[in-house]
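Report on the structure given below.
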Amino acid sequence: MRWDPLTYDAQLSIEWIQQRRPLFILLFIAYTLFVFNMPRIWKGKRSQGLATIIFYWNAFNALADIVLLLGLLPDFLSSFHEGFYSSLCLNDGLYKNPRSGRAIFTFHISKVWELLDTVLVILDGRKPNILHVIHHIVISISMIYSYQHIGAMARWIAITNLSSHSALYSYLAAQSCAWKRRTCSARVINVIQMAQFPICLFGLIKIRQFVNARKKCETSYNGPSIIIYSSFFILFILFYVNKYRKDNSSKEIFKSNSKGLTNFCHSSLCHAFLGFLNSERL
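Count along the sequence shown starting at 1, add 34, and that's the number in the working numbering.
What follows is the structure in structure tokens.
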């Protein structure tokens, strides 16, 4: 069938995902087995040339997310013609318009290919965070099974996620080729990532209000969605609070130790050593 950029068959997209769900499930199982077993086998080894692959991977994802964001942004902005109600409850042309239809379909599929993030982390000799692994699995499964069923709420989920991930992958790509250590920008990126959860929770609560008011709502309101978003929001808050508390404690210890070393040694070699310690800590 010839590809036509001016037309889009939303029904074919539904059928495509439905036919491949068993394959996706096998992929999720393989991913889970890999993540929980490969670190013991790999034992922190680093593959040669992987840094270049990671850079191109992050750059690709940054570009893809920006393109998808631009594809969905016109629909998102125009969806407020009746305020929050139309944006959250009316699909309008979200799934049928060629531009937004392809963008929202690709967004759902992109959650599957983003599983490669964790694979690259492990092959780079790093240990993946269990919370991020669970988040990847839950989101990937929900995206495969919620396509079109979630209705108008998908535009909010997609816009917030694409906005945060385009910033995240751009930062990671820049860090791998230009910034050789973490900067304060990392905290800004984390805040942007966290903002997804309260925004989507607000949308889900508004949908509940519209449903209770007996208004037509073209979205599959799902109570567990609030539980999932709330749980991840709380868990990620606890994770980052604990993480930055440890970082600050390490910073104070480093400052104390480095001051003593500086007083003890004034040579350029010693100062270079202190700079090395600082870069390693960050």
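Glycine included, every Cβ here is placed at the ideal spot set by N, Cα and C.
query = Is it right to say His115 is buried, meaning 16 or more other beta carbons lie within 10 angstroms of its own, or is it exposed?
reply = exposed
message = Within the continuous alpha helix (DSSP H) that includes Glu49, where are the two ends?
response = 44-76
task = State the DSSP-derived secondary structure class of Gly117, mapped to helix, strand or coil.
result = strand
Residue burial classification, Val69 (beta-carbon count within 10 angstroms, cutoff 16) = buried
ask   = What whole-angstrom Cβ distance do Phe266 and Phe244 have, given they're in contact under 8 Å?
value = Between Phe244 and Phe266 the Cβ distance is about 24 Å, and since that is not below 8 Å, they are no contact.
ask   = Starting from Asp158 and walking both ways along the alpha helix (DSSP H), at which residues does that stretch end?
value = Run containing Asp158: none; DSSP gives neither H nor E here.
ask   = Relative to the alpha-carbon of Gln45, which residue among Leu67, Arg136, Asp99 has its alpha-carbon at the smallest distance?
value = Arg136
query = The alpha helix (DSSP H) with Ile138 in it runs from where to where?
reply = 132-147
key: Ile184 (DSSP reduced to helix, strand or coil)   = coil
key: Burial state of Glu148, where buried means 16 or more other Cβ atoms lie within 10 Å   = buried
task = Take Asn71 as the anchor and find which of Cys234, Ile239, Lys161 has the nearest alpha-carbon.
result = Lys161
message = When you compare the region 118-128 with the region 83-96, are there three or more beta-carbon pairs, one atom per stretch, that lie closer than 8 Å?
response = no
ask   = What residue from Val222, Tyr179, Tyr274 has the CA that sits closest to Gln53's CA?
value = Tyr179
ask   = Whose C-beta lies closer than 7 Å to the C-beta of Arg55 among residues of the same chain, with five residues either side of it excluded?
value = Ile178
inquiry  = For Gly159 and Thr152, what's the separation of their Cα atoms in angstroms?
reply    = 11 Å
task = Take Ile193 and list the residues in its own chain whose beta-carbon comes closer than 8 Å to its own, dropping the five residues that flank it on each side.
result = Leu103, Leu106, Leu107, Phe110
message = By the three-class DSSP mapping on this structure, what secondary structure does Lys277 have?
response = helix
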